[in-house]
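Colleague:
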Amino acid sequence: MLSSDGTAQGDPVAMPVYAIGITPLLELIKPHATETDVSMKHVAFAYDLRGGGDLITLRRWWDNNVLYGPKLGYNPKATKSWLVIKSHTEVCAREVFEGTDIDITTKGRKYSGSESGSGNLNTLRSKYSIDRATSCLRCVCERVKHNYIRTLPNIKQHLLQLDALVDQASIPVITDGHICTADEQLLLSLPTKKGGLAIPIFSATADSSFPNPEQPQNS
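Residue numbers (the numbering used here): 5 to 223.
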């Protein structure tokens, strides 16, 4: 079976077939440690390969990719590859990888959802991820309050599930794993100017937020 045939999406044998195909390649391209070489580590995820080690060993690893990869159905592309290095090794890295067309950076790169390289980049990415998660949580809270609580009657029991998720998954992130008591949850639900964090208890506001048809409405 040619490697180009592959398996259907969702096929339970997809991962074993992938392992059968990628394992020989990983064994062929990895330079073995000798008296002059430093052992390296590498990993494969889908069509991406990632390796770590000293520059000379990485160059031999890349050359092996180019040599053996196409024979096993894997075609490495230098223009889509990055070498992430420390700033003091940049000159040496450019000499070692001269003629490969591999992009070289000292600022780090994103790989498989995480960061490699620069600590500053990791910090910025982490801040971005946290800010984005906070924004999403805020959006969910506003949607629940304005689109559901104020428009749908008798949803208090359903909101208990959302409150439980906030109490067990969200709040422990900022309390170092501590599960808050009912009184502590009430404290956290207060606005910041009163010493809380404005974390809503949705079920507690459901009845009061939904308009009562028996009460006169302001016009």
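For every residue, glycine included, the Cβ atom is placed at its ideal position computed from N, Cα and C.
Rounded to whole angstroms, what's the CA-CA distance from K197 to S139? Just pull it up for me.
Modeller: Within the sequence shown, numbered from 1, the residue matching residue 197 stands at position 193. Within the sequence shown, numbered from 1, the residue matching residue 139 stands at position 135. Between the alpha carbons of K197 and S139 lies a distance of about 20 Å.
Colleague: In chain order, which alpha helix (DSSP H) runs of at least 4 residues are fully inside the region 144-198?
Modeller: 160-169, 175-178 and 186-193
Colleague: According to DSSP, what are the bridge partners of R136?
Modeller: The residue labelled residue 136 in the question sits at position 132 within the sequence shown. Within the DSSP secondary-structure output, R136 pairs in no beta bridge.
Colleague: Would a C-beta distance cut-off of 8 Å place P195 and C145 closer than the cut-off?
Modeller: Sequence index remark: in the sequence shown, residue 195 carries index 191 (1-based). Sequence index remark: in the sequence shown, residue 145 carries index 141 (1-based). For P195 and C145, no; Cβs fall outside 8 Å.
Colleague: Taking C-alpha atoms, which residue in G181, A23 and L191 lies nearest to A202?
Modeller: Locating residue 202 in the sequence shown gives position 198, where the first residue counts as 1. Considering only alpha carbons, the answer is L191.
Colleague: Can L32 and Y72 be called in contact, C-beta distance under 8 Å?
Modeller: The residue labelled residue 32 in the question sits at position 28 within the sequence shown. The residue labelled residue 72 in the question sits at position 68 within the sequence shown. In contact: L32 and Y72 (Cβ atoms closer than 8 Å).
Colleague: Between which two residues does the beta strand (DSSP E) holding I33 run?
Modeller: In the sequence shown, the residue the question calls residue 33 occupies position 29. Here I33 belongs to no beta strand (DSSP E); instead the alpha helix (DSSP H) covers A18 to I33.
Colleague: With a threshold of 16 other CB atoms inside 10 Å of the CB of D105, please say whether the residue is buried or exposed.
Modeller: For this step, residue 105 is matched to residue 101 along the sequence shown. Its Cβ having fewer than 16 others within 10 Å, D105 is exposed.
Colleague: Within the continuous alpha helix (DSSP H) that includes L201, where are the two ends?
Modeller: Here residue 201 corresponds to residue number 197 of the sequence shown, with the count starting at 1. That residue, L201, is in no alpha helix (DSSP H); it is neither H nor E in DSSP.
Colleague: Going by beta carbon distance, what residues of the same chain come within less than 6 Å of K45, once the five residues before and after it are set aside?
Modeller: In the sequence shown, residue 45 corresponds to position 41, counting from 1. For K45, where only same-chain residues beyond five positions count, the Cβ hits under 6 Å are G56.
Colleague: Whole-angstrom Cβ separation of S193 and G199, contact assumed at under 8 Å?
Modeller: Taking the sequence shown and counting its residues from 1, the one referred to as residue 193 is at position 189. Taking the sequence shown and counting its residues from 1, the one referred to as residue 199 is at position 195. That pair is no contact at about 11 Å.
Colleague: Enumerate in chain order the residues of its own chain whose CB-to-CB distance from V21 is below 6 Å, with the five nearest sequence positions on each side excluded.
Modeller: Residue mapping note: residue 21 aligns to position 17 of the sequence shown, counting from 1. Result list for V21: T11, in chain order.
Colleague: Of all the options C96, I89, L53 and K160, which has the alpha carbon lying nearest to the alpha carbon of K81?
Modeller: One-based indexing of the sequence shown puts residue 81 at position 77. Nearest option by C-alpha distance: L53.
Colleague: Given this structure, state the Cα-to-Cα distance separating D180 from I24, to the nearest angstrom.
Modeller: Mapped onto the sequence shown, residue 180 falls at position 176. Mapped onto the sequence shown, residue 24 falls at position 20. One C-alpha to the other measures close to 42 Å.
Colleague: When the distance is taken between beta carbons, is I89 closer than 8 Å to I60?
Modeller: As a working note, residue 60 is residue 56 in the sequence shown. As a working note, residue 89 is residue 85 in the sequence shown. Result no, Cβ atoms of I60 and I89 do not sit closer than 8 Å.
Colleague: Just the C-alpha distance for N68 and Y51, rounded to the nearest angstrom, thanks.
Modeller: For this step, residue 68 is matched to residue 64 along the sequence shown. For this step, residue 51 is matched to residue 47 along the sequence shown. N68 and Y51: Cα-Cα distance of roughly 16 Å.
Colleague: Along the chain, where does the alpha helix (DSSP H) containing A1 start, and where does it finish?
Modeller: Because the chain spans 5 through 223 in this model, residue 1 falls outside it and cannot be assessed.
Colleague: Can you find a heavy atom of the ligand ADP that lies under 7 Å from the Cβ of G77?
Modeller: Although the ligand ADP was asked about, the structure shown includes no ligands whatsoever.
Colleague: At a Cβ threshold of 8 Å, is P35 touching chain D?
Modeller: This model lacks chain D altogether; it includes just one protein chain.
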